[in-house]
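Chemist:
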Amino acid sequence: MQFSVRLRIEDNAIPATAFKDIKAPRKPRERAENETEKGLRVQDKGFLNTAVLRSQITFIDGDAGVLRYRGYPIEQLAEKSSHLESAYLLIYGSLPTKDQHKHFESEVLRHGIMHSDAEGFFRSFRYDAHPMSMLTSAFAMLGSYYGEANPSLQGQRLYTQGNKESLATMDRQIYRIIGKATTLAAMAYRVRQGRDFVTPPVGLSYTGSFLYQMDHLSEQNYVPNPVLEKALDVLFLIHADHELNASCTTVLQTGSSLVDPYSAIAAGCASLYGPLHGGANEAVIRMLLSIGKPENVPAFIEAVKRREKTLSGFGHRVYKTSDPRSFIVRKTADEVFKVTGKDELLETAMALHDAAMKDEYFIKRKLAPNVDFCGLIYRAMGFPLDFFPVLFVVPRVVGWLAHWRQMMLQEGGVKIWRPRQVYVGETKRDYVPAEDRVAVEGLKQTPSIVEHGGITKRTMLASFDGKAKL
Numbered sequence: 001m002q003f004s005v006r007l008r009i010e011d012n013a014i015p016a017t018a019f020k021d022i023k024a025p026r027k028p029r030e031r032a033e034n035e036t037e038k039g040l041r042v043q044d045k046g047f048l049n050t051a052v053l054r055s056q057i058t059f060i061d062g063d064a065g066v067l068r069y070r071g072y073p074i075e076q077l078a079e080k081s082s083h084l085e086s087a088y089l090l091i092y093g094s095l096p097t098k099d100q101h102k103h104f105e106s107e108v109l110r111h112g113i114m115h116s117d118a119e120g121f122f123r124s125f126r127y128d129a130h131p132m133s134m135l136t137s138a139f140a141m142l143g144s145y146y147g148e149a150n151p152s153l154q155g156q157r158l159y160t161q162g163n164k165e166s167l168a169t170m171d172r173q174i175y176r177i178i179g180k181a182t183t184l185a186a187m188a189y190r191v192r193q194g195r196d197f198v199t200p201p202v203g204l205s206y207t208g209s210f211l212y213q214m215d216h217l218s219e220q221n222y223v224p225n226p227v228l229e230k231a232l233d234v235l236f237l238i239h240a241d242h243e244l245n246a247s248c249t250t251v252l253q254t255g256s257s258l259v260d261p262y263s264a265i266a267a268g269c270a271s272l273y274g275p276l277h278g279g280a281n282e283a284v285i286r287m288l289l290s291i292g293k294p295e296n297v298p299a300f301i302e303a304v305k306r307r308e309k310t311l312s313g314f315g316h317r318v319y320k321t322s323d324p325r326s327f328i329v330r331k332t333a334d335e336v337f338k339v340t341g342k343d344e345l346l347e348t349a350m351a352l353h354d355a356a357m358k359d360e361y362f363i364k365r366k367l368a369p370n371v372d373f374c375g376l377i378y379r380a381m382g383f384p385l386d387f388f389p390v391l392f393v394v395p396r397v398v399g400w401l402a403h404w405r406q407m408m409l410q411e412g413g414v415k416i417w418r419p420r421q422v423y424v425g426e427t428k429r430d431y432v433p434a435e436d437r438v439a440v441e442g443l444k445q446t447p448s449i450v451e452h453g454g455i456t457k458r459t460m461l462a463s464f465d466g467k468a469k470l
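My numbering puts the first residue of the sequence shown at 1, with every later residue one more than the last.
#1: Quick one: grab the DSSP three-state call for Tyr-69.
#2: Could you tell me which whole alpha helix (DSSP H) segments of length 4 or greater appear in the segment 177–264?
#3: Could you say if the segment 410–419 and the segment 292–299 meet the contact criterion of at least three C-beta pairs nearer than 8 Å?
#4: With a cut-off of 8 Å on the beta carbons, I'd call Gly-62 and Pro-324 a contact; round off their distance for me.
#5: By alpha-carbon positions, which one of Gly-46, Glu-30, Leu-53, Ala-18 ends up nearest to Gly-39?
#6: Specify the secondary structure class of Ala-13 as computed by DSSP and reduced to three states.
#7: Using CA atoms only, rank isn't needed, just tell me which of Ala-283, Lys-331, Gly-399 is closest to Glu-79.
#8: How big is the Cα-Cα spacing for Pro-201 and Gln-213?
#9: Are the Cβ atoms of Gly-399 and Phe-388 separated by less than 8 Å?
#10: Using a 10 Å radius around the Cβ and a threshold of 16 neighbouring Cβ atoms, would you call Pro-433 buried or exposed?
#11: State buried or exposed for Val-297, treating a residue as buried only when at least 16 other CB atoms are found within 10 Å of its CB.
#12: Gln-480: which of Met-407, Ile-416, Gly-454 sits nearest, CA to CA?
#13: Helix, strand or coil for Phe-121? Go by DSSP, reduced to three states.
#14: Measure the CB-CB distance between Arg-405 and Met-170 and report whether it falls below 8 Å.
#15: Out of Ile-22, Ala-462, Val-397, point me to the one whose CA is closest to Glu-35's CA.
#16: Is the Cβ-Cβ distance between His-83 and Thr-207 less than 8 Å?
#17: In angstroms, rounded to a whole number, what distance separates the CA positions of Pro-472 and Arg-68?
#18: Are the segment 424–441 and the segment 119–138 in contact at 8 Å, needing three or more beta carbon pairs?
#19: Can you check whether the CB of Ala-380 is closer than 8 Å to the CB of Asp-343?
#20: Could you round the C-beta distance between Thr-50 and Gly-112 to whole angstroms and report it? I think they count as a contact, below 8 Å.
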């Protein structure tokens with residue numbers, strides 16, 4: 001059977017719903033669950049070629065190694081701009097004038113102070129809690145403070161009207177989230193150190209205030225090192241947005257239900273926590289520590305090729321040549337190492353870089369080094385490994401908010417994200433009484449038997465009324 005269908009192509013994209021016009025009668029014995037007569041579905045595991053929205057924020061050309069914020073190359077912004085200036089650009093669409101930047105920076109820094117109850121919140125975590133667990137919970141906790149920011153309480157059109165009042169409410173939450181991101185991160189850091197929390201200072205930059213909140217004890221006129229302050233600002237800038245990565249997509253998926261922005265940001269934070277995303281910096285350092293000295297690199301490379309070891313910090317879902325941020329990271333690292341001294345793992349990292357770039361195995365697979373080597377800078381600055389993802393979240397809230405704002409204000413309103421599936425499970429079958437069932441057993445098909453210890457183990461061995469018989 002042959003037939004033709006006209007598809008509208010706009011900006012090199014086809015509406016996925018257009019494929020529903022391609023229909024055919026169900027074949028004999030074909031599963032009803034295929035829903036053939038309802039039209040074709042597009043199956044795209046992992047969203048390899050699915051565009052879920054039209055955006056004006058960030059452009060990436062992975063083959064050419066290009067990254068632009070609102071049209072501006074990341075290399076120019078890293079050299080000439082600052083994190084908060086680029087944040088303004090990402091969120092509002094243009095580079096601010098001096099007065100606009102002053103107003104935006106002032107609002108962000110003014111909103112960095114936390115309610116005193118937050119101290120009790122952070123103290124409730126175990127002493128060894130992962131800082132990302134604390135930070136994710138803290139963003140969700142923030143939403144409980146601001147009832148006026150919750151569409152569930154104020155009406156679902158709170159952020160979608162686009163009028164002056166709606167935009168003012170939206171901007172207030174943007175100031176709060178960006179301003180408090182450093183405060184929450186610093187509190188997560190200090191609770192692990194067993195130290196008192198520090199109120200955000202007046203007169204310092206965004207990253208200067210962050211370093212102050214983490215490190216100040218009782219010193220008079222404490223000012224963070226300007227080289228480290230500048231380096232952190234550059235790293236924050238290049239990490240501020242990266243289009244629809246896993247965490248940004250999570251923010252938008254969650255935000256599409258019109259939940260408050262704090263809950264959406266908390267969801268993005270949880271997504272970034274994963275080792276395939278924000279945990280990559282930490283994975284690079286652990287890999288380098290396992291390699292040890294540069295002379296061990298050849299053996300490690302061979303083990304990777306035999307798939308006995310995992311190569312972290314090389315290859316990227318988007319970039320197929322080189323990550324443009326990696327060159328900025330290299331320059332920033334040189335500046336930091338001048339004041340901190342070189343990280344002992346730097347030579348190992350460079351040896352690994354050179355070996356992989358010359359090896360045909362990695363060249364064929366387009367496994368070029370990416371930005372995750374900035375973990376060497378964080379390590380040189382004295383940050384613990386498990387704090388690396390936090391240093392990823394703090395700047396990335398800017399990109400999340402930019403995309404969230406864009407979605408709230410998009411033409412046609414917000415549609416809840418509800419992807420389809422291709423159902424391949426059992427077709428219709430009738431319920432079987434327990435006494436007539438045949439046991440289905442095997443790995444992945446039955447619940448695991450877990451070991452118990454401590455109180456549970458002793459309780460299971462004890463006698464008491466109501467104890468279940470196995």
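Ideal Cβ positions, reconstructed from N, Cα and C, are used throughout, including at glycine. Here the structure is a predicted model, which means the values were calculated and not measured.
Modeler: Looking at the atomic coordinates:
#1: In this structure, Tyr-69 counts as strand in the three-state DSSP scheme.
#2: 206–215, 226–238, 246–255
#3: no
#4: At roughly 10 Å, the Cβ-Cβ gap does not stay under 8 Å, so Gly-62 and Pro-324 are not in contact.
#5: Ala-18
#6: Here Ala-13 carries a strand assignment [DSSP, helix/strand/coil].
#7: Lys-331
#8: 8 Å
#9: no
#10: exposed
#11: buried
#12: The requested residue 480 does not occur in the structure, where the chain is confined to residues 1 to 470.
#13: helix
#14: yes
#15: Ile-22
#16: At the C-beta level, His-83 and Thr-207 come within 8 Å of one another.
#17: Outside the displayed range of the chain (1 to 470) lies residue 472, so it cannot be described from this structure.
#18: no
#19: yes
#20: That belief does not hold up - the Cβ atoms of Thr-50 and Gly-112 are roughly 37 Å apart, past 8 Å.
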